[in-house]
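Quick note: the sequence shown uses UniProt numbering, first residue 1, plus one each step.
Note that the Cβ used here is the ideal one computed from N, Cα and C, for glycine as well.
A quick write-up on the structure given underneath.
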Amino acid sequence: MVFNYRALAEYLVEAEERKQPVSCITDNYPNFNLSNGYAVQKELVKIKEELGYNIFAYKMGLTSQAKMKQMNVNEPIYGYVFDYMNVPNQGQIIKEELIHPKVEAEIAFILGEDIEGPGITGEQVLKKTKSILPVLEIIDSRYENFKFTLPDVVADNTSASRVVFGDKLFNPHDFEVDAVEVKMKINGDLAADGVSSAVLGNPAVSAAMLANMMAGSGKGKIRKGSIILTGAITEAVLLHKGDHITAKFGGMGEISFQVK
Ligand code: 0L1
Ligand code: MG
């Protein structure tokens with residue numbers, strides 16, 4: 001079947017702009033597959049760029065065994081964070097601008113050198129990483145009830161919506177990157193916790209997998225200076241108007257924001 005990738009990307013961009021969830025693409029097109037999902041994602045990126053936005057970071061999704069099992073897949077997915085999605089630490093997100101946001105804690109990598117697959121390992125990526133920093137990702141599926149198949153969520157740019165980065169950069173060689181403990185509180189109550197080894201054993205493996213997936217789909221290397229969100233350490237927690245979120249990342253400080 002031939003799909004109109006541009007029209008499907010517009011459908012998802014409009015859902016984001018109107019803050020109205022839509023039904024899954026696969027509800028109408030059961031044959032829509034993962035490579036169709038990435039083709040829609042590519043069009044979605046083009047539309048955002050035509051609107052004047054720029055890619056700010058790469059993001060990996062479904063990087064925990066639990067999430068992969070839930071989706072019945074054995075490979076993570078990737079998408080893009082745009083510049084307009086940035087929220088300052090201690091800042092606020094506006095509930096009315098979003099549909100049904102959830103928050104999850106992650107570690108981001110900033111590359112000191114280009115990385116390129118196929119076959120690059122987590123260890124090799126770590127050697128080429130200049131800095132790491134904590135980040136809270138706010139995901140907001142454009143689909144009704146946050147329910148979708150893998151091709152749907154890839155088309156929807158892996159639910160990317162907002163990001164709140166920590167204030168300080170850290171040298172990855174000063175850290176056990178796979179042993180960062182995170183505790184996330186909402187309105188003072190523990191909402192989610194985890195250890196960074198939940199991300200494919202080590203978040204560096206996730207960044208390497210991104211480079212390998214990019215190479216596999218002919219997208220080339222990931223350039224020096226690029227930022228990569230490596231995937232969730234904690235479960236994603238639903239946010240409500242009025243919530244105050246704080247997340248402590250062991251040895252890496254705290255990130256907080258308010259839902260207005
Ligand atoms: O960043 C993520 O892990 C999200 C991937 C897409 C799945 C979801 O929206 O829960
Ligand atoms: Mg994420």
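Residue i: CB within 6 Å of a non-hydrogen atom of ligand 2
i, result
"Gly-166", "no"
"Glu-104", "yes"
"Glu-75", "no"
"Glu-10", "no"
"Glu-144", "no"
"residue 261", "This structure does not reach residue 261, given that the chain is present from 1 up to 260, and the question cannot be answered."
Assumed close pair residue i, residue j - CB separation to whole angstroms, cut-off 8 Å
i, j, result
"Val-195", "Ala-179", "6 Å"
"Tyr-80", "Ala-208", "Not quite, the Cβ-Cβ distance comes to about 18 Å (not below 8 Å), so this is no contact."
"Ile-110", "Ile-227", "5 Å"
Check: residue i C-beta below 6 Å from any heavy atom of ligand 1
i, result
"Thr-158", "yes"
"Gly-61", "yes"
"Ala-232", "yes"
"Val-153", "yes"
"Ile-25", "no"
Test item: CB-CB of residue i and residue j under 7 Å
i, j, result
"Pro-235", "Ala-192", "Checking the displayed sequence, the identity of residue 235 turns out to be Glu instead of Pro. Against a cut-off of 7 Å, the Cβ pair of Ala-192 and Glu-235 comes out as a contact."
"Leu-229", "Ala-105", "no"
"Leu-133", "Phe-175", "no"
"Leu-136", "Val-103", "yes"
"Lys-260", "Gln-92", "yes"
"Tyr-84", "Tyr-53", "yes"
"Asn-202", "Gly-112", "no"
"residue 265", "Ile-47", "Because the chain is modelled from 1 through 260, residue 265 falls outside the range shown and cannot be assessed."
"Asn-187", "His-240", "no"
"Phe-32", "Pro-151", "yes"
Stretch-stretch touch, CB-based, cutoff 8 Å, three pairs: the segment 164-182 with the segment 139-156: no
Validate contact between the segment 223-239 and the segment 61-81 using beta carbons, cut 8 Å, 3 pairs: yes
The segment 206-225 contacting the segment 114-129, beta-carbon criterion three pairs below 8 Å: yes
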